[in-house]
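Student: Going by the numbering used here, the sequence shown wraps up at 1366, each residue one higher than the last.
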Amino acid sequence: MEGYTELLFIDRLIREIAAKKQLAVQHRKIRGGGRDGKVPKRYVELQVPTEMDGISHYVLIVDCGGEKLVAQRVREEHAALDAKGYEKIIGIRDVFPNFTKADVPSLRRAMQYAIKTKLAPVQFVLSVMEIEAWFLSEHLHFPHIDPAITVAAIHAALGFNPATDDMSDRQAPADDLIAAYELGGKTYTKGSAEGTIHALDYDHVYIGLRDRIPDLNDLMESIDTFLA
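1. Measuring CA to CA, which of A1271, K1158, V1233, R1213 is closest to A1252?
2. Is D1232 helix, strand or coil when you go by DSSP?
3. With distance defined between alpha-carbon atoms, name the residue in S1194, L1198, R1231 nearest to K1206.
4. Starting from the C-beta of L1198, find all residues in its chain whose C-beta is less than 6 Å away, skip the five residues before and the five after it, and write them out in chain order.
5. Please state the DSSP three-state secondary structure of V1186.
6. My assumption, with CB atoms under 8 Å, is that V1266 sits in contact with S1330. Please give the rounded CB distance.
7. Using the Cβ count rule (16 or more neighbours within 10 Å means buried), how would you classify Q1185?
8. May I ask which residues mark the beginning and end of the beta strand (DSSP E) holding H1216?
9. Quick check: the Cα distance between N1236 and M1249, rounded to an integer number of angstroms?
10. What's the C-alpha gap between E1270 and H1195?
11. Over the uninterrupted beta strand (DSSP E) stretch that includes R1169, give me the two end residues.
12. Rounded to the nearest angstrom, how far is the Cβ of A1286 from that of L1321, given a contact under 8 Å?
13. Starting from F1262, follow its DSSP beta bridges and name the residues at the other end.
14. Are the segment 1149-1169 and the segment 1326-1346 touching, with three or more C-beta to C-beta distances below 8 Å?
15. Answer with buried or exposed for I1351, where buried requires no fewer than 16 other C-beta atoms within 10 angstroms of its C-beta.
16. For A1318 versus F1280, is the C-beta distance shorter than 8 Å?
17. Please name the residue, chosen from D1191, Q1210, T1188, that lies closest to K1179 on a Cα-to-Cα basis.
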């Protein structure tokens, strides 16, 4: 993942889809390293499963420290993860702010560069333009943030309809989410997105958004296959 917000969201999504399966999830962040090697790479364990008895599925979710580092971290860690028996690696990053929607095809190609196909398969998922576009599309969560935040209120005040419009067309979805929350006197920041992540309707994410958000659908198909 590019950051902690994505880490928390993917954790919750996998747990909701897994339901009663025996699932262990580990959280880690990587900082430093890189091509210049000026700052030593360090690993910080944020959450480590304490009980492994009866576990049938194991997931490691890594905060890579920024969208620019996702593909790089995958390349750096690929061989080690393959050697440890990981079956698949999925890299998730935003498109904004360094690319436009028109750049998405070339960004996808660039992320695949130098990925070793003989190792565990790698899949890249883009949240176009930001993961907040996914949060906006899950419009059922707004009244749980505040009853004043409705689709009608958002449409009237901000000029877009999150229930029907393509939120990937919004240039800066995080700004739109902030503006929507302000209609109810609430705030949103990327560093404190837990309230949003807990408010999301995951049945709607899983069933209602698949046709609207192709990358999210691809991600959930991979999770379904993993858990099957």
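Heads up, the beta-carbon is just placed ideally off N, CA and C, and yes, glycines get one too.
Tutor: On the basis of the supplied data:
1. For the purposes of this step, residue 1252 is identified with residue 114 of the sequence shown, where counting begins at 1. Comparing Cα-Cα distances from A1252 to each of A1271, K1158, V1233, R1213, the minimum goes to R1213.
2. Working through the sequence shown from its first residue, we reach residue 1232 at position 94. Reduced to three states, the DSSP call for D1232 is strand.
3. For the purposes of this step, residue 1206 is identified with residue 68 of the sequence shown, where counting begins at 1. Looking at the Cα atoms, R1231 is the closest of the given residues.
4. Your numbering for residue 1198 matches position 60 in the sequence shown. Listed in chain order, the non-local C-beta contacts of L1198 below 6 Å within the same chain comprise Q1164, local neighbours out to five positions each way being set aside.
5. Locating residue 1186 in the sequence shown gives position 48, where the first residue counts as 1. In the structure shown, V1186 sits in coil (DSSP, three-state: anything other than H, G, I, E or B).
6. Taking the first residue of the sequence shown as 1, we reach residue 1266 at position 128. Taking the first residue of the sequence shown as 1, we reach residue 1330 at position 192. Incorrect: roughly 23 Å between the Cβ atoms, too far for contact.
7. Counting from 1 along the sequence shown, the entry for residue 1185 is found at position 47. Under this definition Q1185 is an exposed residue.
8. The residue given as residue 1216 occupies position 78 in the sequence shown. According to the DSSP assignment, H1216 belongs to no beta strand (DSSP E) but to the alpha helix (DSSP H) extending over 1208-1221.
9. Residue mapping note: residue 1236 aligns to position 98 of the sequence shown, counting from 1. Residue mapping note: residue 1249 aligns to position 111 of the sequence shown, counting from 1. Those two C-alpha atoms are separated by around 14 Å.
10. Taking the first residue of the sequence shown as 1, we reach residue 1270 at position 132. Taking the first residue of the sequence shown as 1, we reach residue 1195 at position 57. Their Cα atoms are separated by approximately 28 Å.
11. For the purposes of this step, residue 1169 is taken as the residue at position 31 of the sequence shown. Note, R1169: beta strand (DSSP E), 1161-1169.
12. In the sequence shown, counting from the first residue as 1, residue 1286 sits at position 148. In the sequence shown, counting from the first residue as 1, residue 1321 sits at position 183. Sure, about 6 Å apart at Cβ, within 8 Å.
13. One-based indexing of the sequence shown puts residue 1262 at position 124. G1229.
14. yes
15. For the purposes of this step, residue 1351 is identified with residue 213 of the sequence shown, where counting begins at 1. With 16 or more other Cβ atoms from the protein chains shown falling within 10 Å of its own Cβ, I1351 counts as buried.
16. Here residue 1318 is taken as the residue at index 180 of the sequence shown, counted from 1. Here residue 1280 is taken as the residue at index 142 of the sequence shown, counted from 1. Yes, they are a contact pair.
17. Counted from its first residue, the sequence shown places residue 1179 at position 41. Minimum Cα distance to K1179 is reached at Q1210.
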